[in-house]
Amino acid sequence: MTNTDASGIAPRGERALGDDRVGLTAANEVELAVTLAASSGLDVATRADRGRWLRAIADGVEAHRDELVALAAEETHLSAARLNGEVTRTATQLRFFADVVDEGSYLEATIDSPDPSLVPPRPELRRMLRPLGVVAVFAASNFPFAFSVLGGDTASALAAGCPVVVKAHPGHPRLSRRITEIARSALSSAGGPVGALQLVEGMEQGTELVAHPRVTAVGFTGSTRGGRALFDLANGRPAPIPFYGELGSINPVVVTRAAVATPAEVAGVAAGLAGSFTRDGGQYCTKPGLVFVPEGAGFEAALVDALGAAAPQRLLTDGIAAAFDRGSGALAERDDAEVVFAGERAADIAAPVVVATTAGAFVAAHETFLEECFGPHTVLVRYGSDEQLAAALDVLEGSLTASIQHAPGEDVAALADRLVRVAGRLVFNGWPTGVAIAWGQHHGGGWPATTASVHTSVGATAIRRWLTPATWQDAPAAVLPPELADGNPLGVPRREDGALVVPSSSVERRVE
Ligand code: NAP
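Read in order, the letters of the sequence shown correspond to residues 0 to 511 in numbering that gives the first Met the number 0.
Here you go:
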């Protein structure tokens with residue numbers, strides 16, 4: 000029997016990792032976790048079962064909502080309202096990936112009939128994606144539910160058929176242990192493979208996990224420095240593995256001159272920005288950290304007015320608070336930047352900071368201005384002409400989002416074309432914080448926003464990160480996965496001899 004602390008949570012070193020409750024030491028923790036995950040049997044489970052298990056985990060999390068929110072509030076200082084919303088988001092995300100698995104188009108199932116008349120002759124080819132194997136997930140600090148133990152990386156990996164070993168974030172260890180227990184118990188009640196979800200803690204354990212020969216891919220959300228170190232480790236292994244890191248993102252916003260032509264429009268855009276960059280202490284990967292504003296529009300004064308309503312927020316960890324003070328302090332001291340707003344800082348409560356600079360100064364020192372300052376901080380870049388704006392946009396780096404505040408009917412096609420080259424998601428007359436879970440979502444971008452610009456960590460295609468293709472050539476029917484069998488018994492969308500075949504409940508719809 001495992002000992003528990005006052006909250007009923009097993010302390011580190013005595014946590015249950017598999018079907019049996021096992022006493023562990025730090026020395027064998029990672030080895031055991033990977034071994035149990037690898038032998039869990041998730042990789043051979045049917046898609047229908049995986050979908051059912053994801054829904055069972057979602058139900059389990061929601062059934063323990065109050066307990067989990069209380070634990071998270073204690074460890075992260077985020078409000079109960081925010082955390083409640085995040086629990087809902089997490090359950091929605093688990094159910095969404097169950098839908099993705101059920102629907103089956105993510106498999107990219109493709110069949111080519113043999114054709115000996117071609118040069119070279121074509122044999123029968125049947126291709127689809129299959130699970131990679133054990134996946135390591137580094138939980139994020141800023142989303143203790145939605146990007147943590149049961150967050151999008153874990154949900155999409157389990158959906159793909161990959162067992163997961165989570166490296167817990169040290170910012171919410173008790174929550175991480177408890178939610179792992181809840182997920183395992185839900186899996187067990189639904190007849191699922193309990194060993195498919197493992198949890199390890201500690202920096203050394205994290206590096207050991209990335210280096211472990213049976214780990215096949217890594218998902219990470221956190222700092223550029225930490226992500227880069229682990230990315231290098233993943234690539235430096237004797238057998239390198241894919242590393243999907245979501246790191247620092249500056250999320251530029253362009254406010255066109257026509258968008259702020261009247262005082263009411265200026266006030267509206269300023270209020271929107273104030274709400275977005277201070278939301279939950281600005282601790283979002285999508286926080287707008289760089290805003291291009293037209294000179295002489297009165298935007299700074301309107302923003303200062305709007306910031307009077309910003310709610311104070313204690314930051315997630317002492318480390319994040321110290322990094323915020325360092326980063327915002329360094330920018331405030333620059334000769335080429337001016338502090339537009341610095342809220343009153345109380346003990347451990349962070350206050351919003353806004354600095355402004357010119358487009359010319361931004362271009363000259365863009366490497367400094369483009370460094371993410373995690374927390375309630377944003378940089379205004381004043382531009383006097385379209386040419387100045389274009390030169391400033393030319394030095395932007397990869398970002399998760401880019402936004403345009405424009406007038407109704409204004410032609411922003413050229414601006415959008417410029418920004419889509421650096422950002423994974425373009426937002427028009429809206430703010431980037433708030434990332435919908437949907438089939439069409441993309442939450443990615445070039446370096447340094449991510450380490451793998453062709454992938455996303457939110458939305459249906461996040462599952463693609465944990466899959467690898469295989470082609471069966473002239474295979475006997477008995478060895479084929481059912482998704483590739485003649486007659487399409489499982490009814491998955493397939494490309495057959497070049498045509499997309501999408502079975503519906505009664506008829507087959509052909510999209511040539
Ligand atoms: P972090 O310091 O990068 O830590 C994230 C995870 O990576 C933790 O589990 C940490 O483990 C591990 N880690 C970091 N460096 C490592 C290394 N060299 N070797 C092995 N493991 C390592 O991120 P954080 O604590 O969440 O926040 C710090 C900064 O990250 C923030 O100030 C912010 O700039 C950024 N951040 C960005 C996002 C985003 O979505 N873009 C989200 C959150 C944070 P240990 O702590 O156990 O060592």
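Even glycine gets a Cβ: it sits at the ideal position worked out from N, Cα and C.
Please read all numbers here as calculations on a predicted model, not as lab measurements.
- A167 and E200 have their C-alpha atoms spaced approximately 5 angstroms apart.
- By the C-beta criterion, the segment 424-432 is judged to be in contact with the segment 263-278, since at least 3 inter-stretch pairs fall below 8 angstroms.
- Burial state of M202 is exposed, judged by a 10 Å Cβ sphere holding fewer than 16 other Cβ atoms.
- About 4 angstroms separates the CB atoms of G281 and P375; that is less than 8 angstroms, so the two are in contact.
- In the three-state reduction of the DSSP assignment, G271 falls in the helix class.
- As computed with DSSP, S402 is found in a beta bridge with V252, V426.
- Remark: the shortest separation between the CB of P375 and any heavy atom of the ligand NAP does not fall under 7 angstroms.
- When secondary structure is reduced to three states using DSSP, P287 falls in the coil class, being assigned neither helix nor strand.
- DSSP places P130 inside the beta strand (DSSP E), whose first and last residues are 124-130.
- Contact annotation: A406 and A270 have beta-carbon atoms that are not nearer than 8 angstroms.
- When rounded, the separation of the alpha-carbon atoms in P122 and L489 is 24 angstroms.
- At a cut-off of 3 residues, the continuous stretches assigned as beta strand (DSSP E) that sit fully inside the segment 449-504 are 466-472, 493-495, 498-502.
- In this structure, the beta-carbon distance from F291 to V353 does not fall below 8 angstroms.
- Counting only residues of its own chain and dropping the five nearest sequence neighbours on each side, L425 has a CB closer than 8 angstroms to the CB of T400, A401, S402, I403, A415, L418, V419.
- In the three-state DSSP reduction, E337 falls in the strand class (E or B).
- Contact annotation: V68 and A79 have beta-carbon atoms nearer than 8 angstroms.
- In the three-state DSSP reduction, F368 falls in the helix class (H, G or I).
- When rounded, the separation of the alpha-carbon atoms in A228 and E371 is 17 angstroms.
- The three-state secondary structure of R313, taken from DSSP, is strand.
- Closer than 7 angstroms to some heavy atom of the ligand NAP: that describes the Cβ of L229.
- Check the Cα spacing between D410 and each of G170, I178, T255: the tightest is with T255.
- Measuring C-alpha to C-alpha distances from T356 to each of L232, A346, L388, G191 identifies L388 as the nearest.
- The ligand NAP approaches S248 closely enough that one of its heavy atoms is under 7 angstroms from the residue's Cβ.
- Around L479, the same chain offers R125, W471 as residues with beta carbons nearer than 7 angstroms, after the five sequence neighbours per side are excluded.
- Contact between L186 and A55 holds: their C-beta atoms lie close to 7 angstroms from each other, under 8 angstroms.
- Runs of the beta strand (DSSP E) spanning 3 or more residues and lying entirely within the segment 150-217 occur at 163-166, 196-199, in chain order.
- Separation of the CB atoms of T220 and A139 is rounded to 4 angstroms, and the pair is thereby assigned contact status at 8 angstroms.
- Cα atoms of L379 and L289: separation of roughly 6 angstroms, rounded to the nearest angstrom.
- A straight line joining the alpha-carbon of A36 with that of V133 spans about 7 angstroms.
- Taking every protein chain shown into account, the CB of P293 has 16 or more other CB atoms within 10 angstroms, so this residue is buried.
- Taking all protein chains shown into account, E332 has fewer than 16 neighbouring C-beta atoms within 10 Å of its C-beta and is therefore exposed.
- For F219, the secondary structure class from DSSP, reduced to helix, strand or coil, is strand.
- In this chain, the beta strand (DSSP E) harbouring R381 covers 376-382.
- For H442, the shortest separation between its Cβ and any heavy atom of the ligand NAP does not lie below 7 angstroms.
- Rounded to whole angstroms, D65 and G59 show a C-alpha spacing of 12 angstroms.
- In this structure, F95 is the residue among F95, A44, Y382, G84 with its C-alpha nearest to the C-alpha of I436.
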